[in-house]
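FYI, the numbering used here numbers position 271 of the sequence shown as 274, with every residue one higher than the one before it. For each residue, glycine too, the CB sits at the ideal point set by N, CA and C. Please read all numbers here as calculations on a predicted model, not as lab measurements. Everything below concerns the one structure shown next.
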Amino acid sequence: MAFNISDYLVTDDLTILLGLIGATVFLLRNLYKPQPLVHPILLGRQSDVARVRNSAESAVYRNYGTGLMGRFPIRPSKEVHLISDFVKPDSDAPRTLWSTKTTNPRLSERVAAFGTGLVRLAGLQPQESTVLLALNDGLEFLISDLALAAHSIRSYTLSSPALLSPVLEAFPPSAIITHAEFLPHILELIYDSDEPQQHTIIVVGEPSPKTLASVASQVRLITWSDIERDGTRVDKIYTAPPKPSDVFTVSFFENKSTGLQGAELTHENFTAGTAAIRALLPLANAISPLDTIVSGHSLSTAYGRAIAYTALYEGTSFATLTSTKMFVEQSARANDVRDILSANAQPIPPPTILFAKPGHLDALTTAIMQQAERSRILFPIAWRHKTAALAEGFLTKDSLWDRLLFDGARANIINEAAGTLRGVVISGGPEPLRAAALPRARVALSVPIVNVLSHALVAGPVLASHALDLQTFPAPGGAVAHVGPPTVNVEAKLVGVDDAVVEAGGNPEGVLLVRGPPVGTLFGAGKEVQVDEGWAGTGERARVQTNGAFTILSD
């Protein structure tokens, strides 16, 4: 009997229909399956590692984008050498800094006038005097800082008001700039000290009559507005410009083991720190004058000031949160949603980039998810689709599930920022960011989240995760999130590592040391613990993962 293949290919309409449905589902699944936003190879090798290492040390790690032989970027552009160069003279677009709408030419005028008043009215000597900035974040801080740096007058900043008394005793400044409401506290410290010297205090705001009546003869009181007004009325005084390597500020902080320490920071430290901050977000979403940066880090810290300088350079609007205030009699420091919304009280556009602390992110995530979970039917479906996209390395806030559910939940919590926020950078805080918190945060906000390690000695980020690294790995519930590789102009290594573990191919663990253009030098009593060859100790224990990302180990 002859073989006829057509006998085996007999079909009916149902078979054809099922075949078409199957092919359609297959094509739709492959065509509409989200593609990863960054190639997995880049996430598998985030650091370049030196081929040799010293005994009891790890190899030296550099950012993969910089490479072992690459040159470190030390400035955001070739025209920027000093912090005064952050105020671009060729840009006159208006933007809002805290509560003041201004332009670069107007800001430069005020800086020049205030600097002239400092020399004329306050009697400060360029390249000799020192000034303590006991100021909360604001335009007065920024103008004072730029004016002092322009005349090579060193500024002192404090990461905590508890350091005020030790600094006044160990390193008495030529003048103090502070707020009227904090003046009684400073006067009390001066009167309690045994130092008979004259003190010059420049006050932002108007002191109360009671405070004015308590001012002793050894204290000279001048208002901040009088300093600026005096400099406006006369020809400006200009000092020879400093070198990028000149120290212009000392940032005091408290070390757990050695107590009071200071970081000497140069102009180059901050230009390099700004270059590193600009590299935190993908080039496709680079910071622009259309952005509004809101920061939860005080300008009295090196990292917080570098964020402010980045906003200044980029021409963005800028403000800080209420929790950054230190020099007030009573301060609320809760890192919660209310603190984030405090930026709305200032007349700035809705924030687009938020530099916050882990507590801010946890509070924001919890509030948004609680709002979204009110939809008992829609939430499980939206959650499943959003987490499936994250597993594929894809993140967006323009999906169907965002429009149906999460956009409304965000708007109920953070108002207009729900539509404008496009990046979150997390660092600092009393508690580290937990790995288990990141998937929920990414679903809730649906924007890139960068986890950063900052340090009081470094004017910029030290380590930073890739903005589009959406990977999750099995880990205990309390495990901390990794902080990525070194930033683009920092190199890192670990000391005190177990050689046997490293030689066997294990992940090295030890105390983190860093060096590079953003890293300052220790000042005063801390100098004796400075490490050779430019390395500076962070005091943090860390582990390096196989892909070159670092994880900070809790005590």
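Quiz item: Can you check whether the CB of Val493 is closer than 7 Å to the CB of Val455?
Solution: Indexing the sequence shown from 1 puts residue 455 at position 452. Indexing the sequence shown from 1 puts residue 493 at position 490. For Val455 and Val493, no; Cβs fall outside 7 Å.
Quiz item: Can you list, in chain order, the residues of its chain whose CB lies under 7 Å from that of Asp502, leaving out five sequence neighbours each side?
Solution: Counting from one through the sequence shown, the residue named residue 502 turns up at place 499. Excluding residues up to 5 positions away in sequence, Ser58 and Ala59 lie with their Cβ nearer than 7 Å to the Cβ of Asp502 in the same chain.
Self-check item: Segments of 3+ residues assigned as beta strand (DSSP E) that fall wholly inside the stretch 429-486
Solution: 452-456, all fully within the stretch 429-486.
Quiz item: Near Ser163, what residues of its chain come up, given a Cβ to Cβ distance below 8 Å and the 5 sequence neighbours on each side ignored?
Solution: The residue labelled residue 163 in the question sits at position 160 within the sequence shown. Here Ser163 has Phe256, Glu257 and Met329 as same chain residues with Cβ atoms under 8 Å from its own Cβ, once five neighbours each way along the sequence are excluded.
Practice problem: Only counting runs of 3 or more residues, tell me where the beta strand (DSSP E) segments fall wholly within the stretch 298-345, in order along the chain. | Solution: Runs found: 320-323.
Self-check item: Nonlocal neighbours in the same chain, by C-beta distance under 7 Å from Val483, ignoring five residues either side
Solution: Translated into the one-based positions of the sequence shown, residue 483 becomes position 480. In the same chain as Val483, and ignoring 5 residues on each side of it, the C-beta atoms closer than 7 Å to its own belong to Pro435, Leu436, Arg437, Ala438, Thr554, Ile555 and Ser557, in chain order.
Quiz item: On the three-state DSSP scale, how would you describe Gly25?
Solution: Mapped onto the sequence shown, residue 25 falls at position 22. Note: Gly25 maps to helix in three-state DSSP.
Quiz item: In chain order, what residues of the same chain lie with their CB nearer than 8 Å to the CB of Gln571, ignoring the 5 residues before and after it?
Solution: No statement about residue 571 is possible, as the shown extent of the chain runs from 4 to 558 and does not include it.
Quiz prompt | Cα-Cα separation, Thr368 to Gly537 | solution = As a first step, residue 368 is located in the sequence shown; it is residue number 365 there, counting from the start. As a first step, residue 537 is located in the sequence shown; it is residue number 534 there, counting from the start. For the pair Thr368 and Gly537, the Cα-to-Cα distance works out to about 40 Å.
Quiz item: Quick one, which of Gly318, Phe397, Gly126 and Val428 has its alpha-carbon nearest Asp95's?
Solution: Locating residue 95 in the sequence shown gives position 92, counting from the first residue. The alpha carbon of Asp95 has as its nearest neighbour, out of Gly318, Phe397, Gly126 and Val428, the alpha carbon of Gly318.
Quiz item: How big is the Cα-Cα spacing for Arg113 and Thr235?
Solution: As a working note, residue 113 is residue 110 in the sequence shown. As a working note, residue 235 is residue 232 in the sequence shown. Whole-angstrom Cα-Cα distance: 8 Å.
Quiz item: If you draw a straight line from the alpha carbon of Phe409 to that of Arg54, how long is it in whole angstroms?
Solution: Sequence index remark: in the sequence shown, residue 409 carries index 406 (1-based). Sequence index remark: in the sequence shown, residue 54 carries index 51 (1-based). Distance between Phe409 and Arg54, taken at the CA atoms: about 47 Å.
Self-check item: Segment limits, beta strand (DSSP E) that includes Gln201
Solution: As a first step, residue 201 is located in the sequence shown; it is residue number 198 there, counting from the start. No beta strand (DSSP E) holds Gln201; DSSP gives it neither H nor E.
Practice problem: Select from Arg425, Thr274 and Ala459 the residue whose C-alpha is nearest the C-alpha of Ser248. | Solution: Start at 1 with the first residue of the sequence shown, and residue 248 comes out as number 245. Just measuring C-alpha positions, the residue of Arg425, Thr274 and Ala459 sitting nearest Ser248 is Thr274.
Exercise. Grab the span of the beta strand (DSSP E) containing Gln264 for me, first residue to last.
Key: Within the sequence shown, residue 264 is the residue found at index 261, counting from 1. Gly262 to Thr269 is the span of the beta strand (DSSP E), which, as asked, contains Gln264.
Quiz item: Quick one, which of Pro285, Ile77, Arg425 and Val52 has its alpha-carbon nearest Leu71's?
Solution: Taking the sequence shown and counting its residues from 1, one reaches residue 71 at position 68. Taking only the C-alpha atoms, the option nearest Leu71 is Val52.
Exercise. Reducing DSSP to helix, strand and coil, say where His84 ends up.
Key: Residue numbering aside, residue 84 sits at position 81 when the sequence shown is read from its first letter. In the structure shown, His84 sits in coil (DSSP, three-state: anything other than H, G, I, E or B).
Quiz prompt | Cβ distance (whole Å) where Pro354 is taken to contact Thr295 below 8 Å | solution = The residue given as residue 354 occupies position 351 in the sequence shown. The residue given as residue 295 occupies position 292 in the sequence shown. The Cβ separation is near 5 Å, so the contact holds.
Quiz prompt | Rounded straight-line distance, which links the Cα of Gln38 to that of Pro76 | solution = Residue numbering aside, residue 76 sits at position 73 when the sequence shown is read from its first letter. Residue numbering aside, residue 38 sits at position 35 when the sequence shown is read from its first letter. Approximately 32 Å between the Cα atoms of the pair.
Exercise. Rounded to whole angstroms, what's the CA-CA distance from Thr105 to Arg425? Just pull it up for me.
Key: Walking along the sequence shown from the start, residue 105 turns up at place 102. Walking along the sequence shown from the start, residue 425 turns up at place 422. Straight-line Cα distance between these residues: approximately 24 Å.
Practice problem: Take Phe89 as the anchor and find which of Ala311, Ser168, Leu263 and Val222 has the nearest alpha-carbon. | Solution: Residue 89 sits at position 86 when you count from the first residue of the sequence shown. Residue Ala311 is the option with its Cα nearest to Phe89.
Self-check item: Inter-residue spacing [alpha-carbon to alpha-carbon] between Val504 and Thr549
Solution: In the sequence shown, residue 504 corresponds to position 501, counting from 1. In the sequence shown, residue 549 corresponds to position 546, counting from 1. Cα to Cα, the separation comes out at about 13 Å.
Quiz item: the ligand FAD heavy atoms versus the CB of Leu408: any closer than 6 Å?
Solution: The ligand FAD is not part of the structure shown, which contains no ligands of any sort.
Quiz item: At which residues does the alpha helix (DSSP H) containing Ile179 begin and terminate?
Solution: Position 176 of the sequence shown, counted from the start, is the residue given in the question as residue 179. Counting along the chain, Ile179 falls outside any alpha helix (DSSP H), though it belongs to the beta strand (DSSP E) covering Ala178 to His182.
Quiz item: What residue ranges within the stretch 93-166 form continuous alpha helix (DSSP H) runs of no fewer than 4 residues, ordered along the chain?
Solution: Counting only runs of 4+ residues, the alpha helix (DSSP H) found wholly inside the stretch 93-166 occupies 107-123 and 142-153, in chain order.
Exercise. Put Phe397 into one of helix, strand or coil per three-state DSSP.
Key: In the sequence shown, residue 397 corresponds to position 394, counting from 1. DSSP places Phe397 in the coil class of the three-state scheme, outside both helix and strand.
Quiz prompt | Where Thr355 sits in the DSSP three-state scheme | solution = The count along the sequence shown starts at 1 and reaches residue 355 at position 352. Here Thr355 carries a coil assignment [DSSP, helix/strand/coil].
Exercise. For Asp148, count neighbouring Cβ atoms within 10 angstroms of its own Cβ and tell me buried if that reaches 16, exposed if not.
Key: To locate residue 148, count along the sequence shown from 1; it is residue 145. Asp148 counts as buried, since no fewer than 16 other beta carbons sit within 10 angstroms of its beta carbon.
Quiz item: According to DSSP, is Asn415 helix, strand or coil?
Solution: In the sequence shown, the residue the question calls residue 415 occupies position 412. Asn415 falls in the helix class under three-state DSSP.
Practice problem: Please determine, among Val250, Val465 and Ser220, the residue with the shortest C-alpha to C-alpha distance to Leu525. | Solution: Within the sequence shown, the letter at position 522 stands for residue 525. Among Val250, Val465 and Ser220, the Cα nearest to that of Leu525 is on Val250.
Quiz prompt | 7 Å Cβ cutoff met for Ile179 and Ala137 | solution = Position 176 of the sequence shown, counted from the first residue, corresponds to residue 179. Position 134 of the sequence shown, counted from the first residue, corresponds to residue 137. Result yes, Cβ atoms of Ile179 and Ala137 sit closer than 7 Å.
Exercise. Tell me whether Thr399 is buried or exposed, calling it buried when 16 or more other Cβ atoms sit within 10 Å of its Cβ.
Key: Indexing the sequence shown from 1 puts residue 399 at position 396. Answer is exposed; the Cβ neighbour count stays below 16.
Quiz prompt | Contact check, Ala467 vs Val453, beta carbons under 7 Å | solution = By 1-based counting over the sequence shown, the position of residue 467 is 464. By 1-based counting over the sequence shown, the position of residue 453 is 450. Yes, the Cβ-Cβ distance between Ala467 and Val453 is below 7 Å.
Self-check item: Extent of the continuous alpha helix (DSSP H) to which Lys213 belongs
Solution: The sequence position of residue 213 within the sequence shown is 210, counting from 1. First-last of the alpha helix (DSSP H) with Lys213: Pro212 to Ala216.
Practice problem: Would you list the residues sitting across from Gly513 in a DSSP beta bridge? | Solution: Residue numbering aside, residue 513 sits at position 510 when the sequence shown is read from its first letter. Secondary-structure assignment with DSSP links Gly513 through a beta bridge to Ala545.
Quiz item: Run through DSSP, which three-state label would Asn347 get?
Solution: For the purposes of this step, residue 347 is identified with residue 344 of the sequence shown, where counting begins at 1. DSSP places Asn347 in helix when its eight states are reduced to three.
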